[in-house]
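Enquirer:
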Amino acid sequence: MDLALAQARLAAADGEVPVGAVLAGPDGRLLAQCRNAPVALRDPTAHAEILALRAGGAALGNYRLNGCVLAVTLEPCAMCAAALAHARLAGVVYGAADDLAGAVISRAEYLDAPFCNHRVWHMGGVRAEACAALLRDFFERKRG
Numbered sequence: 001m002d003l004a005l006a007q008a009r010l011a012a013a014d015g016e017v018p019v020g021a022v023l024a025g026p027d028g029r030l031l032a033q034c035r036n037a038p039v040a041l042r043d044p045t046a047h048a049e050i051l052a053l054r055a056g057g058a059a060l061g062n063y064r065l066n067g068c069v070l071a072v073t074l075e076p077c078a079m080c081a082a083a084l085a086h087a088r089l090a091g092v093v094y095g096a097a098d099d100l101a102g103a104v105i106s107r108a109e110y111l112d113a114p115f116c117n118h119r120v121w122h123m124g125g126v127r128a129e130a131c132a133a134l135l136r137d138f139f140e141r142k143r144g
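Position one of the sequence shown corresponds to residue 1 (UniProt numbering), numbered consecutively onward.
1) Have a look at the DSSP bridge pairing and note the partners of Q33.
2) Quick one: residues in its chain with C-beta nearer than 7 Å to the C-beta of L51, no 5 flanking neighbours on either side, listed in chain order?
3) Under the three-state reduction of DSSP, which class applies to G56: helix, strand or coil?
4) Quick one, which of C77, G61, H122 has its alpha-carbon nearest A46's?
5) Using 8 Å as the threshold, is the stretch 3-13 in touch with the stretch 111-125, meaning 3 or more CB pairs across them?
6) Pick out whichever of H118, W121, A97 has its Cα sitting closest to the Cα of E129.
7) Note down the Cα distance separating P44 from L30, rounded to an integer number of angstroms.
8) How would you write the range of the beta strand (DSSP E) that V120 sits in, first residue to last?
9) If contact is defined by three or more beta carbon pairs under 8 Å, each pair taking one atom from either stretch, is the stretch 69-83 in contact with the stretch 100-120?
10) Mapping the DSSP letters down to three states, classify V92 as helix, strand or coil.
11) At what residues does the beta strand (DSSP E) containing V69 begin and finish?
12) State whether the stretch 86-96 contacts the stretch 113-122, with contact taken as three or more CB pairs (one from each stretch) at a distance under 8 Å.
13) Report the rounded CA-to-CA distance for L70 versus R141, giving the unit in angstroms.
14) Does DSSP classify E16 as helix, strand or coil?
15) Please check the pair L84 and E49, which I expect to be a contact at CB under 8 Å, by giving their CB distance rounded to whole angstroms.
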């Protein structure tokens with residue numbers, strides 16, 4: 001999660017919502033370190049999780065990321081949760097819960113829904129306060 005937090009800090013410095021993600025391969029090797037970039041890339045899908053999945057697919061030469069685990073600083077949204085399942089990710093670890101748009105447990109339970117075609121184990125709350133503080137500080141400065 002420390003690597004994901006470092007990416008989130010870089011996102012904040014770029015004026016992006018501070019979310020960072022890292023992807024580990026089945027062997028534990030680091031496949032991707034990504035941060036939110038929808039503003040810079042002019043792409044509404046450029047969430048840290050999506051960018052990490054894209055980089056992981058390129059690194060492994062496959063769109064199926066069997067055995068891979070993602071660490072992300074914020075609970076994934078519906079788009080990202082669906083992408084995790086479609087990529088056949090083994091698991092996701094996240095920091096702060098997202099009471100507004102979290103689709104793992106906060107607002108929806110996409111990864112546990114009966115219609116979800118793949119089970120992705122998940123664990124939230126890892127370094128939650130540090131992850132939440134980054135977001136809080138970013139939005140306080142924006143409103144400020």
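Heads up, the beta-carbon is just placed ideally off N, CA and C, and yes, glycines get one too.
Expert: Looking at the coordinates:
1) Sequence index remark: in the sequence shown, residue 33 carries index 33 (1-based). When beta bridges are read from the DSSP output, Q33 appears opposite V22.
2) Within the sequence shown, residue 51 is the residue found at index 51, counting from 1. Taking C-beta separations shorter than 7 Å and ignoring five residues to either side along the sequence, the partners of L51 in its chain run C34, A37, following chain order.
3) What you label residue 56 is simply residue 56 of the sequence shown in a count that begins at 1. Helix, per DSSP.
4) Here residue 46 is taken as the residue at index 46 of the sequence shown, counted from 1. It is C77.
5) In the pairwise beta carbon analysis, the stretch 3-13 is classified as not touching the stretch 111-125: fewer than three pairs are separated by under 8 Å.
6) Taking the first residue of the sequence shown as position 1, residue 129 is located at position 129. Comparing Cα-Cα distances from E129 to each of H118, W121, A97, the minimum goes to A97.
7) Start at 1 with the first residue of the sequence shown, and residue 44 comes out as number 44. Start at 1 with the first residue of the sequence shown, and residue 30 comes out as number 30. C-alpha separation (whole angstroms): 25 Å.
8) Taking the first residue of the sequence shown as 1, we reach residue 120 at position 120. Looking at the DSSP string, V120 is not in any beta strand (DSSP E), and its letter there is neither H nor E.
9) Yes, since at least three Cβ pairs between the stretch 100-120 and the stretch 69-83 fall closer than 8 Å, the two stretches touch.
10) Walking along the sequence shown from the start, residue 92 turns up at place 92. V92 falls in the strand class under three-state DSSP.
11) Taking the first residue of the sequence shown as position 1, residue 69 is located at position 69. For V69, the enclosing beta strand (DSSP E) starts and ends at 69-74.
12) Remark: three or more beta-carbon pairs, one from each stretch, lie closer than 8 Å, so the stretch 86-96 and the stretch 113-122 are flagged as touching.
13) As a working mapping, residue 70 is identified with position 70 in the sequence shown. As a working mapping, residue 141 is identified with position 141 in the sequence shown. L70 and R141 have their alpha carbons spaced roughly 28 Å apart.
14) Stepping through the sequence shown from its first residue, residue 16 is reached at position 16. DSSP places E16 in the coil class of the three-state scheme, outside both helix and strand.
15) Within the sequence shown, numbered from 1, the residue matching residue 84 stands at position 84. Within the sequence shown, numbered from 1, the residue matching residue 49 stands at position 49. With a Cβ gap of about 7 Å, L84 and E49 count as contacting.
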